[in-house]
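Top line first, the protein sequences correspond to chains B and H. So that you can map any letter, position 55 of the first sequence is 72 in my numbering, and since no number is skipped, the others follow by simple counting. So that you can map any letter, position 29 of the second sequence is 46 in my numbering, and since no number is skipped, the others follow by simple counting. Even for Gly, the Cβ is constructed at its ideal location relative to N, Cα and C. Because the structure is a prediction, the values reported are computed rather than measured.
Number of protein chains: 2
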Amino acid sequence: MIKKRDDIEEIFHPKGVALYGASPKGGLGNLLIMGLIELGFPNIYPIHPKVDEILGLKAYPNIKQVEGDIDLVIIAVHPRHVKKILYDCIEKKVKGVILFTSGFREIGEKGRNFENEIVQIARNGGIRIIGPNCMGIYCPESRLSFFPSLPLEKGNIAFVSQSGSLSTLVIMSSMLRGIYFSKVISIGNCADLNFNDFLEYFANDENTKVIGCYLEGIENGKEFIKLTKEISRKKPIIMWKVGLTNAGKKAANSHTGSLAGNSLLWEHIFQQTGMIKVHNINQLIEHFGMFQNPVLPKGNKVVVISGPGGPAVSSADACELAGLELAKLSNETKIKLKEILPEFGTGVNNPVDLGLNIAFQPELEYLACEIAGADKNVDMVLIYISVLKKIQIKNFIKVQNKIKKPIALVTTFDISASFKDYSVKDYFQPISPKKAPNYVRKLYNNGISLHNSEQNAALALSNLLKYSKFLRKLK
Amino acid sequence: MIKKRDDIEEIFHPKGVALYGASPKGGLGNLLIMGLIELGFPNIYPIHPKVDEILGLKAYPNIKQVEGDIDLVIIAVHPRHVKKILYDCIEKKVKGVILFTSGFREIGEKGRNFENEIVQIARNGGIRIIGPNCMGIYCPESRLSFFPSLPLEKGNIAFVSQSGSLSTLVIMSSMLRGIYFSKVISIGNCADLNFNDFLEYFANDENTKVIGCYLEGIENGKEFIKLTKEISRKKPIIMWKVGLTNAGKKAANSHTGSLAGNSLLWEHIFQQTGMIKVHNINQLIEHFGMFQNPVLPKGNKVVVISGPGGPAVSSADACELAGLELAKLSNETKIKLKEILPEFGTGVNNPVDLGLNIAFQPELEYLACEIAGADKNVDMVLIYISVLKKIQIKNFIKVQNKIKKPIALVTTFDISASFKDYSVKDYFQPISPKKAPNYVRKLYNNGISLHNSEQNAALALSNLLKYSKFLRKLK
């Protein structure tokens, strides 16, 4: 049974936040406070022994001198100050502490002992700790942030990361692709609150529909397996698990002190729990798009549609390698395709080759998608196009709502790419990078995903099918 | 022995070009002629039975009425007109014909017979045919082009493609990444001039340093193997071979009528010939960057350097899976790294974790690269960064010139990405997409390659090592 985690909910929605480590001289602590200011968090209290003002905010020499309530304290100072600060936090009745500070278990035995001591003090004083060695919380609904330039837009993805700076990269990269988050947590060493705690929290979080994870190793494996299996029934978990090779295991141990575990064992865990496996940040973000509102496929038969004939052949390879099968299109479908396609330089078998005419007739892409996608032998669609045009957005959505099958769209040019200084605009009519995020959000909401290679699209479709089978088995 | 192909050289450098198929009504033929106009080709003669002018150029009812020399004729009309045109070309003493027109062998037996007939007529008349069912030639040095918006910038990559529209996509995608071409040829059905002919031509082309290929199937396999093995000694061949699965084979056969061949056999061909294998357009272009002026590695020991610790672990996994080993850094190297890195939140083992401080101190990236790259246990460097900054370009080049080892750079954000409408610019200082191509060209010229995932970087480094071994074996 997944517990409701009001203790974490409180930490994600504090009335006031104090921060140790910002300075008029600049430094990492300032990035944290700049993030909060930019997102408009109302009650920020920088704590500094000597100055009255930091980044335009009134600074206090000690947390106890702050009049307002403080539920969350961020500590970004040298480890030697942490113990004293923690005692002050207990006095101030703080609920949660984000220990940004590094220099604990990840540096060896002495650090581990100190970490244990800190946790003991916090627990005795009724405080939960996030970290140490972490970025903390990004939560647009409560205007919390841990870095400048992060968006205020809310989404329905929660991301739990064992790597700090990665969490920032994931948010920013996603932003360029129209993907936003409900919450992001960089968990660090998990001295107190751990991976499982946050999974449990997100499982019950109404604003979270998909859970993404970057994971090096897990301490309480048994509970993790039980929990993720249960959560996967309600919300897909997209898991970027690293440390699956010997080199990766060593790297994970040196990075966060994690025991990454055996790769065969992890293969079993993925199968057992229904978690969805990805291997890099691009795949992670592409899966975020795919799983926002997916149409679950009934089988593994895919139709490949492409303007460029070459990538169509490559996509056929990618599909087979990902365990998908090319659907055998019915004669009726082929006849209908022939009616819309030019006589020469095209193909109505699977892959469907639209020929060079799409340079003039981009509508062939969604028309072919509608015809081939409606074929009863087809379970899912992979389309390879050069660049995403505005007109395609609404048409693909219309098609998707008719055929009700997953559509994975590969674009050769990244949707964040600027063509402004190349003369290609007239012929390709790409959406400007500024508008792209808002347009592509609509695609995700209608079961259409975006990918940067045929291999990534095939992997995502195959993962969607696996997840679909996992859910069916439960019924 | 690789023959010098003056017959093809002539076709790539025509004095005059006539084109059948452009029309005042628009259509595919107009794209071809627009390409020539944009690149400033001087003597373009549109041939049209009824009009005097097309796209501002004087049009002629028949090629025989053109006074100037015509070495190259592009035919983009219905197949039924082709025979008559060919006879006119023979009279006009044309040297080469690009048969853009589709509807030959790829549509079956009848088409194949017609194709054979056409070739016979051409051969008897002393004309070489490119195609049919192809885009033809892009060659900035002679201002030939087959599509609008292609760059006039010359590079040292030749690309031979069995897919027409793919050739356009490859040129445009490469352009955004600072990669330009000496020549690109879309070969189509290879009724006369075939894959091997163009390989031979590029092998002796002084302006070509790297040969890229998109290939579905090859007819004269024995000659192909002999030729590619010989060419690989002088110039790397980057090969995107598709049709390596059953689904892909069928797709290739339906796309270009190619017999894609057995995948195990192709594995042997790759090993034997020293060709370099890639699997999609991104990898193809990334390898173009890498092989422009590569430093060949001496062994398989890689050092991974990263600001975000997470991707560092993932990179370690990717390296091991690609057959590379993580180098054991010497104590001396570790001590030097400790001197430049902050005390906490960093790591001096391999992977080298630069910690969050790189947000303030981007110089840590190249400094760490210099120290770790100089380690005698290190053969190559993989660096994972968030975004490419201007300052990094010259510094990475300086470092590369000192350590003289290959450097593969993974950027989380695509270098063509526009950040203009996000407020991230101040913190990340990315190069603008407009300037990026010129900056990154310098990287390629100094043995530094760019990649969009750790897996792609590891593959490219591993391929560079394989090529290095292939060359060493010959000595």
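Rounding to the nearest angstrom, what Cα-Cα distance links residue i and residue j in this structure?
| i | j | result |
| --- | --- | --- |
| H:Ser166 | H:Gln378 | 39 Å |
| H:Pro450 | B:Val404 | 17 Å |
| H:Pro31 | H:Ile102 | 18 Å |
| H:Glu382 | H:Tyr461 | 18 Å |
| H:Leu232 | H:Met256 | 7 Å |
| H:Asn130 | H:Thr273 | 16 Å |
| B:Leu488 | B:Arg250 | 6 Å |
| B:Tyr439 | H:Phe58 | 20 Å |
| B:Leu281 | B:Ile298 | 22 Å |
| H:Gly327 | B:Glu123 | 14 Å |
| B:Gly390 | B:Val320 | 7 Å |
| H:Ala453 | H:Gly195 | 7 Å |
| B:Val312 | B:Ser479 | 13 Å |
| B:Ala76 | B:Val90 | 14 Å |
| H:Asn5 | H:Leu482 | The shown model of chain H, from 18 to 492, leaves out residue 5 of chain H, and the question about it has no answer. |
| H:Lys459 | H:Tyr104 | 49 Å |
Does the beta-carbon of residue i have 16 or more other beta-carbons within 10 angstroms, so that it is buried, or is it exposed?
| i | result |
| --- | --- |
| B:Met18 | exposed |
| H:Gln137 | exposed |
| B:Ile424 | buried |
| H:His296 | buried |
| B:Lys6 | Outside the shown range of chain B, which is 18 to 492, sits residue 6 of chain B, and nothing can be said about it. |
| B:Arg140 | exposed |
| B:Asn348 | exposed |
| B:Tyr484 | buried |
| B:Asp502 | A question about residue 502 of chain B goes unanswered here, because the residues of chain B that appear run from 18 up to 492. |
| H:His468 | buried |
| B:Lys294 | buried |
| H:Lys355 | exposed |
| H:Gln472 | buried |
Between the Cα of residue i and those of the options, spot the shortest distance and give me the residue it belongs to.
| i | options | result |
| --- | --- | --- |
| H:Cys517 | H:Phe361, H:Ile188 and H:Asn310 | Residue 517 of chain H is absent from the structure shown; chain H starts at 18 and stops at 492. |
| H:Glu247 | H:Glu217, H:Asn455, H:His304 and H:Thr273 | H:Glu217 |
| H:Thr262 | B:Asp214, B:Asn297 and B:Leu338 | B:Leu338 |
| B:Asn221 | B:Lys110, B:Asp438, B:Glu26 and B:Ser470 | B:Glu26 |
| H:Ile64 | H:Glu55, H:Val94 and H:Gly52 | H:Val94 |
| B:Ser83 | B:Arg97, B:Gly46, B:Ala376 and B:Glu108 | The sequence shown places Val at residue 83 of chain B, rather than the Ser named in the question. The candidate whose alpha carbon is nearest that of B:Val83 is B:Glu108. |
| B:Gln409 | B:Tyr456, B:Leu48 and B:Glu170 | B:Tyr456 |
| H:Leu193 | H:Asp431, H:Leu481, H:Ser485 and H:Leu476 | H:Asp431 |
| H:Thr363 | H:Ala329, H:Glu342 and H:Cys336 | H:Ala329 |
| H:Leu384 | H:Lys353, H:Arg160, H:Phe164 and H:Lys21 | H:Lys353 |
| B:Pro168 | B:Pro41, B:Ile28, B:Met51 and B:Lys345 | B:Met51 |
| H:Gln309 | H:Ala268, H:Leu244 and H:Phe198 | H:Phe198 |
| B:Ser182 | H:Thr350, H:Arg458 and H:Thr429 | H:Thr429 |
| H:Glu236 | H:Glu349, H:Ala208 and H:Cys230 | H:Ala208 |
| B:Phe287 | B:Glu223, B:Ile242, B:His304 and B:Phe219 | B:Ile242 |
| H:Ser331 | H:Asn60, H:Lys112 and H:Asn367 | H:Asn367 |
| H:Gly113 | H:Asn279, H:Ala35, H:Glu360 and H:Gly291 | H:Ala35 |
| H:Lys81 | H:Lys110, H:Ile61, H:Lys100 and H:Leu74 | H:Lys110 |
| B:Ala474 | B:Leu210, B:Ile448 and B:Phe305 | B:Phe305 |
| H:Cys230 | H:Thr245, H:Glu223 and H:Lys239 | H:Thr245 |
| B:Phe164 | H:Asn374, H:Val227 and H:Glu126 | H:Asn374 |
| B:Pro447 | B:Phe121, B:Lys407, B:Glu126 and B:Ser470 | B:Lys407 |
| H:Glu342 | H:Lys315, H:Val227 and H:Gly324 | H:Lys315 |
- Say whether the segment 194 to 211 of chain H touches the segment 143 to 156 of chain H, bearing in mind that this needs 3 or more beta-carbon pairs closer than 8 Å, one atom from each stretch. These segments touch.
- Message: So if I threshold CB-CB distances at 8 Å, which residues from the segment 465 to 489 of chain H count as touching chain B?
- Response: Of all residues in the segment 465 to 489 of chain H, only Asn469, Ser470, Glu471 and Gln472 place a beta-carbon less than 8 Å from a beta-carbon of chain B.
- Message: Within 8 Å, do at least three Cβ pairs link the segment 392 to 403 of chain B to the segment 412 to 427 of chain B?
- Response: A contact is defined here as three or more CB-CB pairs under 8 Å, and the segment 412 to 427 of chain B meets this definition with respect to the segment 392 to 403 of chain B.
- Query: If you measure beta-carbon to beta-carbon, which residues of the segment 268 to 291 of chain B are closer than 7 Å to chain H?
  - Reply: Of all residues in the segment 268 to 291 of chain B, Ala268, Ala269, Ser271 and His272 have a Cβ within less than 7 Å of some Cβ in chain H.
- Please name the residues in the segment 126 to 145 of chain H whose beta-carbon is closer than 8 Å to at least one beta-carbon of chain B, in chain order. Residues: none.
- Of all the residues that make up the segment 408 to 435 of chain H, which are near chain B by a beta-carbon distance shorter than 8 Å? Flagged, chain order: Thr429, Phe430, Asp431, Ser433, Ala434 and Ser435.
- Looking at chain B, which residues of the segment 293 to 308 of chain H have a Cβ within less than 7 Å of any of its Cβ atoms? Within the segment 293 to 308 of chain H, contact with chain B at the beta-carbon level (separation under 7 Å) is assigned to His296, Asn297, Ile298 and Asn299.
- Message: By the 7 Å beta-carbon criterion, what residues does the segment 316 to 330 of chain H contribute toward chain B?
- Response: Listed in sequence order: Gly324, Pro325, Gly326, Gly327, Pro328, Ala329 and Val330.
- Query: Which residues, taken in chain order from the segment 52 to 76 of chain B, show a beta carbon closer than 9 Å to some beta carbon of chain D?
  - Reply: The displayed structure is made up of protein chains B and H, and chain D is not among them.
- Query: What residues from the segment 182 to 213 of chain H come within 7 Å of chain B, judged by C-beta to C-beta, listed N to C?
  - Reply: Hits within the stretch, in order: Ser182, Leu183, Leu186, Met189, Ser190, Met192 and Leu193.
- Message: Contact between the segment 29 to 46 of chain H and the segment 68 to 76 of chain H is defined here as three or more beta-carbon pairs at a separation below 8 Å; is this criterion met?
- Response: Yes, they touch.
- Query: Which residues, taken in chain order from the segment 218 to 245 of chain H, show a beta carbon closer than 7 Å to some beta carbon of chain B?
  - Reply: Cβ contacts with chain B: Tyr231 and Glu233.
- Query: Closer than 9 Å, Cβ to any Cβ of chain B: which residues of the segment 331 to 348 of chain H, in chain order?
  - Reply: Cβ proximity to chain B below 9 Å picks out Ser331, Ser332, Ala333, Asp334, Ala335, Cys336, Glu337, Leu338, Leu341, Glu342 and Leu343 from the segment 331 to 348 of chain H.
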